[in-house]
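Here the structure is laid out as structure tokens; the discussion comes afterwards.
Numbering (the working numbering), first residue to last: 6 to 123.
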């Protein structure tokens, strides 16, 4: 996908996410907020998968299947009263993923175009 098209698609996706947050601020508009969020995520995922840097969809599919299986098991076993703790645990995993990305960028900055001119 050409760089300008992907930048525009990410911009549209960002606007959808902002509209989703606005919609989720009220129970009356929560349904449309969810729709905006879904549309924004579909646009972002499609744009990412259309990038020429994506060389293999097999690895992506395996990751989605593993994550989906784990998520299904967790969703079926969790009690509604334990949901806040589960959300906190998931947020911790997101933080851990950010640490891994930062460490990878620190040890191999050229892979992320850090310090590369052009």
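All residues carry an ideal CB built from backbone N, CA and C; glycine is no exception.
What you are looking at is a predicted structure, and each value in this text was computed from that prediction instead of being measured.
Starting from the C-beta of residue i, find all residues in its chain whose C-beta is less than 6 Å away, skip the five residues before and the five after it, and write them out in chain order.
i           : result
residue 120 : 114
With a CB to CB cut of under 8 Å and the five nearest residues on each side skipped, what residues in its chain are close to residue i?
i           : result
residue 109 : 116, 117
Write down the C-beta distance between residue i and residue j rounded to the nearest angstrom, noting that I regard them as a contact closer than 8 Å.
i          : j          : result
residue 21 : residue 45 : 3 Å
residue 11 : residue 56 : 7 Å
Taking 6 Å as the cut-off, does the CB of residue i come closer than this to any heavy atom belonging to the ligand NAP?
i          : result
residue 14 : Among the components of this structure there are no ligands whatsoever, and the ligand NAP is therefore not found.
What does a CB cutoff of less than 7 Å around residue i pick up in its chain, not counting 5 residues either side in sequence?
i          : result
residue 14 : 48, 52
residue 17 : 48
Tell me whether the beta-carbon of residue i lies closer than 7 Å to the beta-carbon of residue j.
i          : j          : result
residue 41 : residue 25 : yes
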